[in-house]
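A.B. asks: Could you have a look at this structure, given as structure tokens, before my questions?
Numbering (my numbering), first residue to last: 241 to 530.
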């Protein structure tokens with residue numbers, strides 16, 4: 241495992257530029273948050289990553305799928321999914337449908353060497369009622385997959401390690417990814433001169449965890465509203481920014497969400513397709529200190 245660790249760290253030091261795989265309709269709509277519907281819910285939402293086969297020596301393909309189901313057609317349906325490989329943006333899936341009910345997305349992604357893949361999906365729906373009453377439904381799903389491509393063993397994958405070897409690989413890949421991500425995030429924090437002690441740090445890939453626990457100083461309902469508005473901003477400033485620059489190579493990493501501990505605002509830090517550092521500010525509408 242020591243050799244594997246050295247190899248993975250060298251891969252990160254090399255910082256190979258990824259050419260991102262996109263799936264985006266020509267006619268783009270936008271994610272728009274409206275007050276959450278208290279009656280309507282998604283029947284099911286899911287994201288999955290599956291190792292298909294070895295395509296060449298040290299190369300393989302992964303199937304990336306998302307789906308979301310509602311019980312009847314609604315005014316607008318939209319899902320957007322982000323895929324990261326070892327913390328680095330690998331691809332974006334985005335699909336929308338007017339008078340839509342169920343959405344399915346499915347694509348194959350090419351991979352190389354041992355890697356940790358993480359996908360996060362925002363599922364969204366817009367409902368129109370009489371008297372211009374507009375509501376939203378939303379949910380998030382996520383998936384992760386560890387792919388082990390070692391010359392000493394057959395190609396394999398797992399979500400949760402089941403033996404000592406897989407546990408060692410998970411530890412190695414997690415350490416390398418976390419080391420790289422914290423290096424990038426600290427660059428953003430220093431660049432914008434942010435006092436880290438005032439915020440709770442949340443990697444974007446961990447955002448689904450906050451559907452069942454609140455942001456600092458917020459209620460559960462307030463947190464869901466903030467998450468919906470957060471994805472509205474991410475779609476406009478992050479998703480569309482990358483999908484409109486398909487030919488540009490990217491070294492963008494998982495965005496960092498910083499939730500202010502007093503419950504007044506959050507920040508989103510990331511690097512855009514041009515390699516420029518970005519900071520989005522989202523002030524909470526119910527903050528008593530604004």
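Here a beta-carbon is modelled for each residue, glycine too, at the ideal position from N, C-alpha and C. The structure presented is a predicted model; accordingly, all values stated were derived computationally and were not measured.
1) Helix, strand or coil, according to DSSP, for residue 333 in the structure here?
2) Quick test of the definition: if touching needs 3 or more C-beta pairs under 8 Å, does the region 372-382 touch the region 402-411?
3) Rounded to a whole number of angstroms, what is the C-alpha to C-alpha distance between residue 334 and residue 361?
4) Measuring only the C-alpha atoms, how far is residue 302 from residue 326?
5) State the Cα-Cα distance for the pair residue 267 and residue 392, rounded to the nearest angstrom.
6) Are there three or more Cβ pairs, one per stretch, closer than 8 Å when the region 304-320 is compared with the region 414-428?
7) Would you mind stating whether residue 442 and residue 497 have Cβ atoms separated by less than 8 Å?
8) For residue 375 and residue 270, I'd like the C-alpha separation in whole angstroms.
9) Based on DSSP bridge pairs, tell me the residues matched to residue 360.
10) Using only the alpha-carbon positions, how far apart do residue 394 and residue 459 sit?
11) Could you work out which residue in 297, 515 and 480 is closest to residue 388 when comparing CA atoms only?
12) Quick one: give me the first and last residue of the beta strand (DSSP E) that residue 463 is part of.
13) Report all residues from its chain with a CB closer than 8 Å to the CB of residue 515; omit the five preceding and five following residues, and keep chain order.
14) Taking 8 Å as the cut-off, decide whether the C-beta atoms of residue 354 and residue 397 are in contact.
15) Can you tell me which of 275, 299, 292 and 332 puts its alpha carbon nearest to the alpha carbon of residue 484?
16) Just to check my reading of the structure: residue 357 and residue 494 have Cβ atoms closer than 8 Å, yes? What is that Cβ distance to the nearest angstrom?
17) Tell me the rounded alpha-carbon separation between residue 367 and residue 402.
18) Return the bridge partner residues of residue 518 from the DSSP annotation.
19) Taking only three categories from DSSP, how would you classify residue 256?
20) Is residue 306 helix, strand or coil when you go by DSSP?
21) Starting from the Cα of residue 348, find the closest Cα among 386, 328, 480 and 300 and give me that residue.
C.D. replies: With the structure as the only source:
1) Strand at residue 333.
2) Because the criterion of three Cβ pairs below 8 Å is not met, the region 372-382 and the region 402-411 do not touch.
3) For residue 334 and residue 361, the distance between alpha carbons rounds to 9 Å.
4) C-alpha of residue 302 to C-alpha of residue 326: approximately 14 Å in a straight line.
5) Low confidence applies to residue 267: its pLDDT is 47, below 50, so where it sits in the model is not reliable, and the reading given next is rough at best. If I take the Cα positions, the gap works out to 47 Å.
6) Not touching, per the Cβ criterion.
7) Contact flag set, yes.
8) Those two C-alpha atoms are separated by around 15 Å.
9) Note: residue 360 sits in a beta bridge opposite 322 and 382.
10) Each residue's alpha carbon lies about 48 Å from the other.
11) Comparing Cα-Cα distances from residue 388 to each of 297, 515 and 480, the minimum goes to 297.
12) Taken as a continuous stretch (DSSP letters only), residue 463 belongs to no beta strand (DSSP E), being part of the alpha helix (DSSP H) at 460-474.
13) For residue 515, same chain residues with a beta-carbon under 8 Å away, outside a window of 5 residues either side, are 491 in chain order.
14) Between residue 354 and residue 397, the C-beta spacing is not below 8 Å.
15) Of 275, 299, 292 and 332, the smallest CA-CA separation from residue 484 is found for 332.
16) Contact annotation, residue 357 with residue 494: C-beta distance approximately 12 Å; criterion of less than 8 Å not satisfied.
17) If I take the Cα positions, the gap works out to 43 Å.
18) For residue 518, which the question treats as bridged, DSSP gives the partners 510.
19) Since pLDDT at residue 256 reaches only 36, below the 50 mark, its modelled position is unreliable, and the value read off the structure follows with that caveat. Note: residue 256 maps to coil in three-state DSSP.
20) The answer is strand: DSSP assigns residue 306 an E or B state.
21) For the residues 386, 328, 480 and 300, the minimum Cα distance to residue 348 belongs to 300.
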